[in-house]
Amino acid sequence: MYEVNFPQVAGALDVGLYIIIFITIVFFLEHRRCTIPPQGLSFPPGPYGKPIVGSILELAQEEAPRVISRYKNQYSDVVMFMGLGNKVLVLNILEAINELFDRRASNYFHRPASVVGGELMHLNEQSMIFMPYGPEWRAHRKLAHAALNPAQVKGYHTLQEDIAALFAKALVDTPHDFYSHVRVSAGRTIIAITYGMPVSEAQEKYIATGERFLEVATKAVIPGNYICDFLPFLKYALSWVHFQREAREGRALIMEFLTKPFDHVKRDLDTGVALPSLTRELLLSSTEDMVDLERRIVWVGGSLFGAGAETTYATVLSFILAMALNPEKQKLAQQEIDSIIGGDRLPMIQDCHRLPYVRAVVKETMRWQLAVPLGLPRLAAKDDTYGTFYIPKNTILIPNIWAIGHNKNGKYHPDAFISERFIDDTENVVDPMLWAFGFGRRICPGRHMGENSVFIHIATILCAFDVFPPLDGKLVQDFTQHLVRCPKPFKCVIVPRSAAKAKLVYERAQQ
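In this note's numbering, the protein residues as written are 82 to 592.
Structural data, given as structure tokens:
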């Protein structure tokens, strides 16, 4: 008969009790650390919100960047949102962003873990935009920099100008379909540079797949779109749950978009017909020290499309909207182009520094309707302070770019489209190029290419076309509420400035 060894049982119970006590103490200390600031410090101020959910869901409301910016005057330059066990610190001034993201980069380099986009769709593991800092991120960044440094980007100028000319031809032929033309042209630029694909049915197919990829990915990574981002244990929900189905379909779409154009380049390389491209150059370059090279190149290409196509598209559409609303600014920019470039050719990227007013229009477009108004979030790796404010470990930090671009100072109203603010020496206006492409070591590696793409599209439109409000005079200003803020479909009238301009567009598009 089995005999119970009471001393052993008692000993086991003691050990179990000690473990429970230890876990309780650790939990208590961690809870205290997150809820009670150290002596002499306080949490950044912010709205109280509702019981349990707190104020955290305010980040997902309609026009959140604009609404959150108002809290700057009510509370502080930095505003804390709490709820559902999470803390989100919104940074409303450039000084705070540069201090934390640049000078203290080692503590704020990581991205917060998005459950749907990051874990279930694997973007945190593979995408350079969302993956945490470490050897894998550095390997991706090295590849991107090799293909997108200023010297390399200069070699893409003619290609970007060719695509802008094809875009202008499409506007001459079917101006009412400008929305689609902008989207195709933005995608065409990235596809052509990344994969070397000329205008073709295959290119259009990849662009369409890329657009669906962006729609899924941007929705998946925005905090607040899925409740499981605030309650991570829900990621274990059954496969038929709505967000699980979306994640499964998203994974399949992402892999289709990433692998098909890459395989296209490899097939062309094997047959000796691959055109110059970022992917081709990376595959042909000496990379003996690189592990798992092809997988990384696949994801670097996808990251470039994700970061570049949608933001270019949103900015150019915002420009068209601005010109329909502000014809006097359009005329001033056109006069500068006519006087500097003349009437016998379209603008080129190298003309940028000869066109200060056009550059001001580009900057004002980026400021007036920011493409990524809340930037991309960061995560505090350990406890920190900002002034007398306490920032606990695992706090999510959001750079409120909208608040920076729409800061009320000086004589120009922040909501008005006034390009002169960037050429007025009496005004201290922060150049959008300092905040539109990210911060610190996570600044966008494709920013030079993106800046050129936006400039050449805008300069080409100004050179060859007039943009007017719709004939019924009703110009709707409404914007999407995704990671990238883009004008919703609107009507306007786009016509060549003259028959000579239309002829010039056709001639350049045929070159």
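Every residue, glycine too, gets a C-beta built ideally from N, C-alpha and C.
Asked, Found
"What does a CB cutoff of less than 7 Å around Lys223 pick up in its chain, not counting 5 residues either side in sequence?", "none"
"Quick check on DSSP: helix, strand or coil for Ile421?", "helix"
"Contact between the region 481-496 and the region 159-178: three or more CB pairs below 8 Å?", "yes"
"Just to confirm, are Ala461 and Thr476 a CB contact at a threshold of 9 Å?", "yes"
"Can you tell me where the beta strand (DSSP E) with Tyr471 in it begins and where it stops?", "470-472"
"Have a look at Pro132 and Phe311 and give me their C-alpha separation to the nearest angstrom.", "15 Å"
"So, does the region 548-566 touch the region 430-447, judging by three or more C-beta pairs under 8 Å?", "no"
"Could you tell me whether the Cβ atoms of Ile210 and Leu478 are closer together than 9 Å?", "no"
"Within its chain, find whatever has a CB closer than 8 Å to the CB of Ile418; leave out the 5 residues flanking it on each side and keep chain order.", "Pro428, Leu436, Val439, Ala540, Leu543, Cys544"
"Which residues does DSSP pair with Ser123 in a beta bridge?", "Phe470"
"I believe Phe470 touches Phe162 by the beta-carbon criterion, under 8 Å. Please report the beta-carbon distance rounded to the nearest angstrom.", "Actually they are not in contact, since the Cβ atoms of Phe470 and Phe162 sit about 14 Å apart, beyond 8 Å."
"Nearest to Val196 by alpha carbon, out of Pro570, Tyr307, Thr392?", "Tyr307"
"Suppose you measure from the CA of Asn188 to the CA of Leu181; what does that come to, to the nearest Å?", "8 Å"
"According to DSSP, what are the bridge partners of His191?", "Leu460"
"In or out: Asn230 buried (at least 16 other Cβ within 10 Å) or exposed?", "exposed"
"Just mark Glu139 as buried or exposed, buried being the case when its beta carbon has 16 or more other beta carbons within 10 Å.", "buried"
"Kindly identify the DSSP beta-bridge partner or partners of Pro480.", "Leu172"
"Quick one, which of Ala177, Ala249, Ala245 has its alpha-carbon nearest Lys582's?", "Ala249"
"Tell me Lys489's beta-bridge partners as DSSP assigns them.", "DSSP lists no partner for Lys489."
"Is the beta carbon of His345 closer than 9 Å to that of Met404?", "no"
"Given the structure, does Asn475 come close to the ligand FAD, in the sense that its CB is under 8 Å from one of the ligand's heavy atoms?", "Summarising the ligand content, the structure contains no ligands, and the ligand FAD is consequently not present."
"Would DSSP call Phe294 helix, strand or coil?", "helix"
"Taking the alpha-carbon positions, what's the Pro213 to Arg523 distance?", "11 Å"
"Cβ of Ala227 within 9 Å of Cβ of Ser366?", "yes"
"Going by the beta-carbon positions, is the gap between Tyr237 and Ile288 smaller than 9 Å?", "no"
"If you drop the 5 nearest sequence neighbours on each side, which residues of the same chain put their C-beta closer than 6 Å to that of Ala517?", "Met447"
"Using the Cβ count rule (16 or more neighbours within 10 Å means buried), how would you classify Cys525?", "buried"
"Below 7 Å CB to CB, which residues in the same chain sit around Ile244 once its five sequence neighbours on both sides are set aside?", "Ser266, Arg269, Thr270, Ala273"
"Under the rule that 16 or more other beta-carbon atoms within 10 Å means buried, what is Ile117, buried or exposed?", "exposed"
"In angstroms with no decimal places, state the Cα-to-Cα distance between Ile137 and Glu144.", "15 Å"
"Taking the beta strand (DSSP E) that Met209 belongs to, which residues open and close that run?", "First-last for Met209: undefined, no H or E at that position."
"Look at Gly215 and Val302 and say whether their C-beta atoms are less than 9 Å apart.", "no"
"Which whole runs of the alpha helix (DSSP H) in the region 345-404 are 4 residues long or more, in chain order?", "359-365"
"Just mark Arg361 as buried or exposed, buried being the case when its beta carbon has 16 or more other beta carbons within 10 Å.", "buried"
"If Ile378 and Phe343 are in contact, beta carbons under 8 Å, what's the gap, nearest whole angstrom?", "7 Å"
"For Ile575, which three-state DSSP category applies?", "strand"
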